[in-house]
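The opening position of the sequence shown corresponds to residue 0 in numbering that gives the first Met the number 0, with each subsequent residue numbered one higher.
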Amino acid sequence: MTPCAVLVIVGKSGMLKSHYVPHLVQLYNRADGIGPATRFNSTKRFIEDTLYEHSECTAVLDDLHTAESRGIKRQNEDTAEEIIRRIADDTGRGRMDGKAQVQRSFRGNAVFIGEYTIGKASTIPRALVVNITEPPNGAVLDEYQRNRPLLVSTFYYYFIRWYVDHFNEIRDSIDAKLTQLRRATDSSTTHGRLRDTQFYLEISYMVLLEFCKDSGFCSEEDAKDTYQSFSTQLRTLVQAQETRFKESIEVKTIDYLDLIRDLYKQGAFHLAKDAENFKPEKHDGLIYYDCLCLRGKRLEKKLLSFTPSLSFVDCISYLLSKGALKLVESKNTVQINGTGGKRFYAIKLSKLR
Numbered sequence: 000m001t002p003c004a005v006l007v008i009v010g011k012s013g014m015l016k017s018h019y020v021p022h023l024v025q026l027y028n029r030a031d032g033i034g035p036a037t038r039f040n041s042t043k044r045f046i047e048d049t050l051y052e053h054s055e056c057t058a059v060l061d062d063l064h065t066a067e068s069r070g071i072k073r074q075n076e077d078t079a080e081e082i083i084r085r086i087a088d089d090t091g092r093g094r095m096d097g098k099a100q101v102q103r104s105f106r107g108n109a110v111f112i113g114e115y116t117i118g119k120a121s122t123i124p125r126a127l128v129v130n131i132t133e134p135p136n137g138a139v140l141d142e143y144q145r146n147r148p149l150l151v152s153t154f155y156y157y158f159i160r161w162y163v164d165h166f167n168e169i170r171d172s173i174d175a176k177l178t179q180l181r182r183a184t185d186s187s188t189t190h191g192r193l194r195d196t197q198f199y200l201e202i203s204y205m206v207l208l209e210f211c212k213d214s215g216f217c218s219e220e221d222a223k224d225t226y227q228s229f230s231t232q233l234r235t236l237v238q239a240q241e242t243r244f245k246e247s248i249e250v251k252t253i254d255y256l257d258l259i260r261d262l263y264k265q266g267a268f269h270l271a272k273d274a275e276n277f278k279p280e281k282h283d284g285l286i287y288y289d290c291l292c293l294r295g296k297r298l299e300k301k302l303l304s305f306t307p308s309l310s311f312v313d314c315i316s317y318l319l320s321k322g323a324l325k326l327v328e329s330k331n332t333v334q335i336n337g338t339g340g341k342r343f344y345a346i347k348l349s350k351l352r
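Dropping the structure here:
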């Protein structure tokens, strides 16, 4: 089992996430300082190269934020979705390096920092979300940033030495606990990937506390209490992510075409009689090309008024899968010149009867 987990740290702006999180996970590099490994607006190839450089460590990817541009926001989300899948599957994109084929494995973990959660049905179990509701103590954080940058890496130095000295014991212990996990799999209602992530984190924390106990940093009783607190909080996070996953599956079963068909037959859309009379502030769309042509924002608003849990992206994907959208030059929308060149989602009338 290769630990390949994604932790998504979520919190509103001003929570000092970009300063605090890297301090918890990075080995200190005097040349580079402490900070996120890269950002989501980097290219996917650059992000993958960065993750590969952090093999068997943890990389921090920053700045999944609500951009003013919907295009930038969508691009960042698409990047995050793809990178989550690649880390969790431990498989980079194949490419040619001269005449050789290169298929990289990351063999590591990542922490994403953002202002909101993301995830489609298949992606949600591949990540674990933690919400920051209060910022860390700024004065204490500043003290560590200014005067103690070597503290974490010094701690890891002695931890790794202890780990090597006790390698056989640690390996046998992990092997026994992994066997227990696999035997209990059939009776568990939690998604397999979430169970694995929980296992990675619980085992890692258990080993860390063993080191702290052997080094005299804490007593046996303190180690047990601390582990129990950590395990309880972790199970809460896993259960919350499992709930998100199940809710996403329920949303996926919605028949968007049937919903639009009902709205159309009920006269819920305000349609212009022709292109020349279309007014964007008044109309949702018009009949054109033998299609129900709707403006994207208007259609999305109608769907959300039906239920806030609906996904416009899922709606378009569903319509495409049913062959319900008219495509021009492989684009999902059509341009109608009589409306001033505005673009519409053109849903074939034959699919609405």
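Ideal placement from N, C-alpha and C gives every residue a C-beta, glycine not left out.
- Would you report the Cα separation of E168 and Y162, rounded to the nearest angstrom? 9 angstroms
- Same chain, Cβ closer than 7 angstroms to Y226, five either side skipped, listed in chain order: Y204, M205, L208
- Relative to the alpha-carbon of H165, which residue among L149, G107, D213 has its alpha-carbon at the smallest distance? D213
- Message: Helix, strand or coil, according to DSSP, for R125 in the structure here?
- Response: R125 carries a helical assignment under DSSP once its states are collapsed to helix, strand and coil.
- Message: Quick check: what's the CA-CA separation for I202 versus M14?
- Response: The C-alpha of M14 is placed about 29 angstroms away from the C-alpha of I202.
- Message: Counting beta carbon pairs with one atom in the segment 289-300 and one in the segment 330-345, are three or more of them shorter than 8 angstroms?
- Response: With a cut-off of 8 angstroms, the segment 289-300 and the segment 330-345 count as touching, because enough Cβ pairs lie within range.
- Is it buried or exposed for A175, if we count other Cβ within 10 angstroms and need 16 for buried? exposed
- Item | Beta carbon of L108 nearer than 7 angstroms to that of T57 | Checking the sequence, you will find Asn at residue 108 rather than Leu. Against a cut-off of 7 angstroms, the Cβ pair of T57 and N108 comes out as a contact.
- Do A79 and T196 come within 7 angstroms of each other at the CB atom, strictly closer than that value? Contact: no.
- Task: Please list, in chain order, all residues of the same chain as G284 whose beta carbon is under 7 angstroms from its beta carbon, the five residues on each side excluded.
- Result: F268, L270, L291, C292, L293, R294, R297, F343
- Query: Over what stretch of residues does the alpha helix (DSSP H) that includes C314 continue unbroken?
  - Reply: Annotation for C314: the continuous alpha helix (DSSP H) segment containing it runs 311-320.
- Would you list the residues sitting across from G113 in a DSSP beta bridge? Within the DSSP secondary-structure output, G113 pairs in a beta bridge with V9, L63.
- In this structure, what does DSSP give as the bridge partners for L15? In DSSP, L15 forms no bridge with anything.
- Item | Closest residue to Y199 among G97, E76, I173, D313 (Cα-Cα distance) | Comparing Cα-Cα distances from Y199 to each of G97, E76, I173, D313, the minimum goes to I173.
- Item | the segment 110-127 in contact with the segment 232-250 per 3-pair CB rule at 8 angstroms | Contact holds: three or more Cβ-Cβ distances are below 8 angstroms.
- Task: Could you check which residue in Y19, I86, V20, H18 has the C-alpha nearest to that of L50?
- Result: I86
- Along the alpha helix (DSSP H) that carries I284, what are the first and last residues, could you check? Correcting the residue identity first, residue 284 is Gly in this sequence and not Ile. Where G284 is concerned, there is no enclosing alpha helix (DSSP H), although the beta strand (DSSP E) it sits in stretches over 284-287.
- Item | Contact check, A323 vs K347, beta carbons under 7 angstroms | yes
- Item | Close beta carbons around Y143, own chain, < 7 angstroms, minus the five adjacent residues each side | H22, L150
- Three-state class that DSSP yields for R294 in the structure shown: coil
- Query: In its own chain, which residues sit with a C-beta less than 6 angstroms from the C-beta of V237, not counting the 5 before and 5 after it?
  - Reply: For V237, where only same-chain residues beyond five positions count, the Cβ hits under 6 angstroms are L193, Q197.
- Task: Could you tell me which of E219, K98, E133 sits nearest to K16, measuring between CA atoms?
- Result: E133
- Query: How should A36 be labelled, buried or exposed, when 16 other C-beta atoms within 10 angstroms of its C-beta is the threshold for buried?
  - Reply: buried
- Which residues in the same chain have their Cβ closer than 8 angstroms to the Cβ of R234, if we skip the five residues on either side of it in sequence? Q197
- Task: Report buried or exposed for Q240, applying the criterion of at least 16 other Cβ atoms within 10 angstroms of its Cβ.
- Result: buried
- Message: Looking at L351: is its Cβ nearer than 7 angstroms to the Cβ of Y263?
- Response: yes
- With 16 other Cβ atoms within 10 Å as the buried cut-off, status of I248: exposed
- Task: Please classify V9: is it buried, with 16 or more other beta-carbons within 10 angstroms of its beta-carbon, or exposed?
- Result: buried
- Message: On the CB-based measure, 16 or more other CB atoms within 10 Å of its CB, does G113 come out buried or exposed?
- Response: buried
- Below 8 angstroms on the Cβ atoms is my guess for V110 versus V20; work out the distance and round it to an integer in Å. 6 angstroms
- Item | Residues bridged to T57 (per DSSP) | N108
- Task: Using the Cα positions of L318 and K278, report the straight-line distance between them to the nearest angstrom.
- Result: 25 angstroms
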